[in-house]
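In our numbering, the protein residues as written are 6 to 313.
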């Protein structure tokens, strides 16, 4: 028969995760995790805390919380019934006559309603009391790249806010996210942070290395000024990272984060429209002419760049 502990342990082993890694991610003691996996409820705190631990553990492993909680309720109730059956049979009590009056019924419903409301409030609070789960699937730490960009892919709790190098990115309803990050040559640090509504924060860092490339001889030896027939825009993130959204002639062609020192080029026939999340770290060059920063404050900004 399936047990809660067996389900959790199997899922953890399939993901090649240790109890120490989960203890660090969920901020739940290793001894409690071991007790959950062995269904040793005697060494766990009160049921309301057990339920919170199980929900967090199941969510972290990608299991359905409702199914895990259902198994736990059945298993916990069976153990409780067994303990009760092992006790000395109670002595018969004298029958007490209870008279149900309208006032008593209303009072009972009121008590049940208040208790249910308090349980709901506690469950909502406990779901945010822990730091949000944050798993980065890509890139790998210490990864070496031949191209100056990568895709950051991961998942976190629903409704958590995610930033990459301080720039907020889009997160889908399930908590999954994927965003392009442009990199500078050499070592780059990608810091991903997830923050829930109570301000609890989880941070994961990846260091990636981009191989430096030398310009071709034709570019080095070019002396005559370049003639531009289109709008060619180069964006540099300096001194800090910046989130960008770019449209070329009305068509959105890019959304992502430029790491500090990273560059990206765009080209259009008529107009390049740029939105940045950090104006004072977004430097723009149009057809070889330095247009300066998009703003003097760290606020978002939007600009259109044309040939003339």
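Yeah, the Cβ is synthetic: ideal placement off N, Cα and C, and Gly gets one too.
Only a predicted model underlies this, so the values are computations on that prediction, with no experimental measurement involved.
Do we get a CB-CB distance below 8 Å when we pair residue i with the residues of chain B?
{"i": "residue 70", "result": "Within the model displayed, chain B is absent; a lone protein chain is all it includes."}
With a threshold of 6 Å on Cβ separation, who are the neighbours of residue i within its own chain once the five nearest residues in sequence on each side are excluded?
{"i": "residue 305", "result": "282"}
{"i": "residue 196", "result": "170 and 210"}
{"i": "residue 35", "result": "24 and 28"}
{"i": "residue 290", "result": "239"}
{"i": "residue 42", "result": "10, 13 and 14"}
{"i": "residue 208", "result": "198"}
{"i": "residue 250", "result": "260 and 280"}
{"i": "residue 200", "result": "166 and 206"}
{"i": "residue 40", "result": "48 and 49"}
{"i": "residue 33", "result": "58"}
{"i": "residue 242", "result": "263, 265, 267 and 286"}
Tell me which same chain residues have a C-beta within less than 7 Å of the C-beta of residue i, skipping the five on either side of it?
{"i": "residue 70", "result": "60, 63 and 64"}
{"i": "residue 154", "result": "185, 186, 187 and 188"}
{"i": "residue 148", "result": "213"}
Exposed or buried, residue i, counting other C-beta atoms within 10 Å across all chains shown (16 or more means buried)?
{"i": "residue 144", "result": "buried"}
{"i": "residue 51", "result": "exposed"}
{"i": "residue 293", "result": "exposed"}
{"i": "residue 89", "result": "Low local confidence applies: a pLDDT of 43 at residue 89 is under 50, so the model's placement there is unreliable, with the coordinate-based value given in what follows. It counts as exposed."}
{"i": "residue 313", "result": "exposed"}
{"i": "residue 279", "result": "buried"}
{"i": "residue 38", "result": "buried"}
{"i": "residue 18", "result": "exposed"}
{"i": "residue 286", "result": "buried"}
{"i": "residue 76", "result": "buried"}
{"i": "residue 299", "result": "buried"}
{"i": "residue 172", "result": "buried"}
{"i": "residue 45", "result": "exposed"}
{"i": "residue 244", "result": "exposed"}
{"i": "residue 123", "result": "exposed"}
{"i": "residue 160", "result": "buried"}
{"i": "residue 120", "result": "exposed"}
{"i": "residue 233", "result": "exposed"}
{"i": "residue 174", "result": "buried"}
{"i": "residue 179", "result": "exposed"}
{"i": "residue 113", "result": "exposed"}
{"i": "residue 193", "result": "buried"}
{"i": "residue 86", "result": "At residue 86 the pLDDT is 45, less than 50, meaning the model places this residue with poor confidence; the figure from the coordinates comes in the next sentence. Result: exposed."}
{"i": "residue 168", "result": "buried"}
Whose C-alpha, out of the options, is nearest the C-alpha of residue i?
{"i": "residue 27", "options": "77, 121, 140 and 263", "result": "140"}
{"i": "residue 188", "options": "311, 259, 215 and 122", "result": "215"}
{"i": "residue 137", "options": "8, 113, 166 and 154", "result": "166"}
{"i": "residue 277", "options": "258, 117, 265 and 53", "result": "258"}
{"i": "residue 270", "options": "253, 285 and 244", "result": "253"}
{"i": "residue 284", "options": "302, 272, 297 and 151", "result": "302"}
{"i": "residue 191", "options": "109, 177 and 150", "result": "150"}
{"i": "residue 146", "options": "233, 163, 213 and 115", "result": "213"}
{"i": "residue 268", "options": "104, 21, 202 and 152", "result": "152"}
With respect to the beta strand (DSSP E) encompassing residue i, which residues constitute its N-terminal and C-terminal limits?
{"i": "residue 169", "result": "166-169"}
{"i": "residue 278", "result": "276-281"}
{"i": "residue 183", "result": "181-187"}
{"i": "residue 233", "result": "Taken as a continuous stretch (DSSP letters only), residue 233 belongs to no beta strand (DSSP E), as it is neither H nor E."}
{"i": "residue 309", "result": "306-311"}
{"i": "residue 207", "result": "206-215"}
{"i": "residue 272", "result": "268-273"}
{"i": "residue 143", "result": "139-143"}
{"i": "residue 247", "result": "247-253"}
{"i": "residue 192", "result": "191-200"}
{"i": "residue 152", "result": "That residue, residue 152, is in no beta strand (DSSP E); it is neither H nor E in DSSP."}
{"i": "residue 262", "result": "256-263"}
{"i": "residue 177", "result": "It is not in any beta strand (DSSP E) - residue 177 carries neither H nor E in the DSSP assignment."}
{"i": "residue 290", "result": "287-291"}
Which residues bound the alpha helix (DSSP H) around residue i?
{"i": "residue 296", "result": "Unbroken run through residue 296 is the beta strand (DSSP E), 294-298; no alpha helix (DSSP H)."}
{"i": "residue 27", "result": "24-31"}
{"i": "residue 59", "result": "52-66"}
{"i": "residue 39", "result": "35-42"}
{"i": "residue 19", "result": "9-19"}
Report all residues from its chain with a CB closer than 8 Å to the CB of residue i; omit the five preceding and five following residues, and keep chain order.
{"i": "residue 156", "result": "143, 144, 183, 184, 185 and 186"}
{"i": "residue 274", "result": "235, 236 and 254"}
{"i": "residue 321", "result": "Past the boundaries of the shown model lies residue 321; the chain is included only from 6 to 313, so the question cannot be answered."}
Taking only heavy atoms of the ligand MN into account, decide whether any of them is closer than 7 Å to the Cβ of residue i.
{"i": "residue 208", "result": "As presented, the structure is devoid of all ligands, the ligand MN included, so that no description of it is given."}
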